[in-house]
DNA sequence: TTGAAAGCGGTACCAA
DNA sequence: TTGGTACCGCTTTCAA
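Chains as they are written, first to last, in the numbering used here: chain A, 87 to 419; chain B, 87 to 419.
Structural data, given as structure tokens:
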């Protein structure tokens, strides 16, 4: 009996109209604060609506005045501070447009990503975010929705993609390390994909440009723990390494911790430079040097492109869809 | 000329139908993979839809099959790691229900909060989150929407509220400090509201229970910098303080930094215990002792209550809507 | 297998 | 100031 009593149908504008003894449009007027309605009538309608617990259907309303825009923001892991920053920036940019943002955390899982992509198409006007699946699949699942990919190499021009250009920043980082006297520089790359990351390519190019031998590379999970164990492995196999560049700041922070545990003083015995420019990097000891990205700019750019795609006003070109990274020296390297 | 060419009206199911030479319901069938349709017809429709760039209106669709549920998650500052954790937990819980989540960051501003509340009602089926405005105002703006308030004392029973009970945890923290020999324990409260926080009340009760004099209190902004300057002020005015309890972990981390700068070794010269139990606390040096909250449980509980409110299946009672905090000793105190 | 018609719950435009 | 009517874009029911 407990759950059967609440078997109530939705309260519609019609119910309110009947209850107040007026027509539907009068109810509409009362609720939307239009003029052209008698004060007492309005009050009566409002009372009826309240008594009935009436709430207008967002679908019906959206159908007739198609003004609200919603975008889907897809993030692999909201707890990763980098994505948190991007998400916050995107939220802010969307708010400036008056848009609503539906956030989906795919938990770094291709399966969740698929599920998200599947349901998202019917809920939003555009999609922005990080994806691991192929463009073909994304295309199939989003069916013509404007999509803005972040930090991905564009294989076709079906989608917009925000490219992260860290080449110069990484070069500056390596040059800096070399000037400090480092000759054996390793890298902690991320372990997500099969191939080495683009950041690794920048690293390799930079060391080569400095005339160094190719440094040793170790794969790390994208977590503090991942960074810790990766650094341990790297140093165990290559004790001569005096500096490391990491795929991102999270991994770098792990490296910092591992270094301390191993009794290596940073930056004296080991220099560490990360990538991303997280605020978090200023809180650790020593503060983390990093190749910093403008995460706010990134989020804003992604939303801006979505806006242009949506309005059909000349979208940004690939040349403009770039966020550059620059070396930010603190104390770790 | 550039922008005028794209003045296109929305492509509707009707356009597709005409283009494919079929009726609208046939288009619907083709797109929704219903049976009862000839293979070739289906293909023709699909082709036409693709060519026209057709995408079904989510409003029209939602109107007829009212199955998707969306909740609004309102957060004061997504970049504050505590709220990030709560948001991530809520997202996860919502996903388990198959719900969509619209996230709003009110930037700690009562004005933004008002704006959010205003637009949110027409977009979601329920609201969950942090609010600073009075229940009257929230009520007025949400008009009957189910609302779950987090970390707020309930003044009426118009809303559900998740209460955070840190009394025992704080008592344990203070007891621990006293056992360590501390006699003069200060607090860094937050500076947001006019009155002292509930956490301060717990602190005061705990020190009193331990037979201590009332410790000095200093207000701090909810940021690392806020914690830094607050600790400096506190120690300048009360140099005899040997331990501090803080409103939250962020402030505590600021205190840690300030202590280092002041040459006070933690925990030897100054013990610090925070509140929240952020993961971040494990990354700082020394790792932060804290009165920890189960943030995942918090997010899940909030969403669970929203679900019950929505389905009308017996909502959780105030007694059940509580998240308790417990002392988690690491190294800072 | 296909199409016609009737809504879903609102709002806008008109006439009363 | 009010109500009638049409219609937003889609899906469902029922008949052809």
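C-beta: ideal position from N, C-alpha, C; glycine also. As the structure is a computational prediction, the values presented were derived from the model and not from experiment.
Note down the Cα distance separating residue 300(B) from residue 364(B), rounded to an integer number of angstroms.
What you label residue 300(B) is simply residue 214 of the second chain in a count that begins at 1. What you label residue 364(B) is simply residue 278 of the second chain in a count that begins at 1. Whole-angstrom Cα-Cα distance: 27 Å.
Are the beta-carbon atoms belonging to residue 159(B) and residue 215(B) less than 8 Å from one another?
The residue given as residue 159(B) occupies position 73 in the second chain. The residue given as residue 215(B) occupies position 129 in the second chain. In this structure, residue 215(B) lies closer than 8 Å to residue 159(B) by Cβ.
Note down, in chain order, each residue of its chain lying with its Cβ closer than 8 Å to the Cβ of residue 386(A), except the 5 sequence neighbours on either side.
On the first chain, position 300 is the one that residue 386(A) refers to. The residues are 175, 176, 178 and 179.
Check each residue of the region 129–151 of chain B: if its Cβ is closer than 8 Å to any Cβ of chain A, include it; give the result in chain order.
136, 139, 140, 141, 142, 143, 144, 145, 146, 147, 148 and 149
Same chain only: Cβ atoms within 8 Å of residue 186(B), ignoring 5 sequence neighbours per side:
The count along the second chain starts at 1 and reaches residue 186(B) at position 100. So the qualifying residues of the chain are 154, 155, 156, 157 and 180.
Which ranges would you report for the alpha helix (DSSP H) in the region 202–234 of chain B if only whole runs of at least 4 residues count?
221–228
Buried/exposed call for residue 141(A), threshold 16 Cβ in 10 Å:
Numbered from 1 along the first chain, position 55 holds the residue referred to as residue 141(A). The residue is buried, with at least 16 neighbouring Cβ atoms inside 10 Å.
Taking a cut of 8 Å between CB atoms, which residues from the region 222–241 of chain A lie near chain B?
229, 230 and 231
Please state if the CB of residue 270(A) and the CB of residue 211(A) are separated by a distance shorter than 8 Å.
Walking along the first chain from the start, residue 211(A) turns up at place 125. Walking along the first chain from the start, residue 270(A) turns up at place 184. In this structure, residue 270(A) does not lie closer than 8 Å to residue 211(A) by Cβ.
Measure from the alpha carbon of residue 348(B) to the alpha carbon of each residue in 320(B), 396(B), 130(B) and 114(B), then state which is nearest.
Indexing the second chain from 1 puts residue 348(B) at position 262. Here the closest residue by C-alpha is 320(B).
Beta-carbon separation (whole angstroms), residue 352(B) vs residue 372(B), contact threshold 8 Å:
The sequence position of residue 352(B) within the second chain is 266, counting from 1. The sequence position of residue 372(B) within the second chain is 286, counting from 1. Indeed they touch by this definition, with Cβ atoms about 6 Å apart.
Name the residue from 331(A), 245(A), 342(A) and 318(A) whose alpha carbon lies nearest to the alpha carbon of residue 222(A).
In the first chain, the residue the question calls residue 222(A) occupies position 136. Closest by alpha carbon: 245(A).
If you count every other CB in all the chains shown that lies within 10 Å of the CB of residue 192(B), and 16 or more means buried, which is it?
Within the second chain, the letter at position 106 stands for residue 192(B). Residue 192(B) comes out buried.
Along chain B, which residues have their Cβ under 7 Å away from the Cβ of residue 186(A)?
Counted from its first residue, the first chain places residue 186(A) at position 100. Within chain B, the residues near residue 186(A) are 188 and 209.
CB-CB under 7 Å to residue 419(A), same chain, minus the five flanking residues each way: which ones, in chain order?
Locating residue 419(A) in the first chain gives position 333, where the first residue counts as 1. Same-chain partners within the cutoff: 263, 329, 353, 357, 358, 359 and 375.
What's the C-alpha gap between residue 414(B) and residue 167(A)?
Here residue 414(B) corresponds to residue number 328 of the second chain, with the count starting at 1. Here residue 167(A) corresponds to residue number 81 of the first chain, with the count starting at 1. Cα-Cα distance, rounded: 23 Å.
With a Cβ-Cβ cutoff of 8 Å, do residue 391(B) and residue 404(B) count as a contact?
Along the second chain, one-based indexing puts residue 391(B) at 305. Along the second chain, one-based indexing puts residue 404(B) at 318. Not a contact, by the Cβ cut-off of 8 Å.
Within 8 Å, strictly: CB atoms of residue 312(A) and residue 340(A)
Taking the first chain and counting its residues from 1, one reaches residue 312(A) at position 226. Taking the first chain and counting its residues from 1, one reaches residue 340(A) at position 254. Yes, Cβ-Cβ distance for residue 312(A) and residue 340(A) is below 8 Å.
Name, in chain order, the residues that DSSP records as bridge partners for residue 304(A).
Indexing the first chain from 1 puts residue 304(A) at position 218. In DSSP, residue 304(A) forms a bridge with 274(A).
Residue 124(B) versus residue 100(B): straight-line alpha-carbon distance, rounded
For the purposes of this step, residue 124(B) is identified with residue 38 of the second chain, where counting begins at 1. For the purposes of this step, residue 100(B) is identified with residue 14 of the second chain, where counting begins at 1. Cα to Cα, residue 124(B) sits roughly 19 Å from residue 100(B).
Just the C-alpha distance for residue 182(B) and residue 260(A), rounded to the nearest angstrom, thanks.
Working through the second chain from its first residue, we reach residue 182(B) at position 96. Working through the first chain from its first residue, we reach residue 260(A) at position 174. The straight-line gap from Cα to Cα measures roughly 45 Å.
Short Cβ contact (8 Å threshold) for residue 250(B) with residue 235(B):
By 1-based counting over the second chain, the position of residue 250(B) is 164. By 1-based counting over the second chain, the position of residue 235(B) is 149. No.
Do residue 117(B) and residue 134(B) have their beta-carbon atoms positioned less than 8 Å apart in this structure?
In the second chain, the residue the question calls residue 134(B) occupies position 48. In the second chain, the residue the question calls residue 117(B) occupies position 31. Their beta carbons are not under 8 Å apart, which means residue 134(B) does not touch residue 117(B) by this criterion.
Buried or exposed for residue 435(A), going by 16 or more other Cβ atoms inside 10 Å?
The structure shown does not extend to residue 435(A), since chain A is modelled only from 87 through 419, so no value can be given for it.
Kindly indicate which residue of 131(B), 108(B) and 109(B) has the alpha-carbon position closest to the one of residue 119(B).
The residue given as residue 119(B) occupies position 33 in the second chain. Considering only alpha carbons, the answer is 131(B).
Examine chain B for any beta-carbon lying closer than 8 Å to the beta-carbon of residue 171(A), and answer yes or no.
Indexing the first chain from 1 puts residue 171(A) at position 85. Answer yes: the Cβ-Cβ gap between residue 171(A) and chain B drops below 8 Å somewhere.
Just checking: is the beta-carbon of residue 178(B) within a distance shorter than 8 Å of some beta-carbon in chain A?
Start at 1 with the first residue of the second chain, and residue 178(B) comes out as number 92. It does; some Cβ of chain A falls within 8 Å.
As assigned by DSSP and simplified to three states, the class of residue 336(A)
Translated into the one-based positions of the first chain, residue 336(A) becomes position 250. Correct three-state label for residue 336(A): helix.
Residue 97(B) vs residue 106(B) beta-carbon contact at 8 Å:
Within the second chain, numbered from 1, the residue matching residue 97(B) stands at position 11. Within the second chain, numbered from 1, the residue matching residue 106(B) stands at position 20. Contact flag unset, no.
Output the distance between the C-alpha atoms of residue 254(A) and residue 217(A), rounded to the nearest integer angstrom.
By 1-based counting over the first chain, the position of residue 254(A) is 168. By 1-based counting over the first chain, the position of residue 217(A) is 131. Using only the alpha carbons, I get a separation of about 25 Å.
Could you tell me which residues DSSP pairs with residue 194(A) in its beta bridges?
Here residue 194(A) refers to the residue found at position 108 of the first chain. In DSSP, residue 194(A) forms no bridge with anything.
Smallest Cα separation from residue 417(A): which of 202(A), 291(A) and 369(A)?
Taking the first residue of the first chain as position 1, residue 417(A) is located at position 331. Minimum Cα distance to residue 417(A) is reached at 369(A).
If you draw a straight line from the C-alpha of residue 296(B) to the C-alpha of residue 324(B), how long is it?
Along the second chain, one-based indexing puts residue 296(B) at 210. Along the second chain, one-based indexing puts residue 324(B) at 238. If I take the Cα positions, the gap works out to 20 Å.
By the criterion of Cβ-Cβ separation under 7 Å, what are the contact partners of residue 174(A) in chain B?
Stepping through the first chain from its first residue, residue 174(A) is reached at position 88. Chain B residues near residue 174(A): 164, 165 and 191.
I'd like to know whether the C-beta atoms of residue 232(A) and residue 395(A) end up nearer to each other than 8 Å.
Translated into positions along the first chain, residue 232(A) becomes position 146. Translated into positions along the first chain, residue 395(A) becomes position 309. Taking 8 Å as the Cβ cut-off, residue 232(A) and residue 395(A) qualify as a contacting pair.
When 230(A), 151(A) and 121(A) are compared against residue 137(B), the one with the closest alpha-carbon:
The sequence position of residue 137(B) within the second chain is 51, counting from 1. Out of 230(A), 151(A) and 121(A), 230(A) has the C-alpha closest to the C-alpha of residue 137(B).
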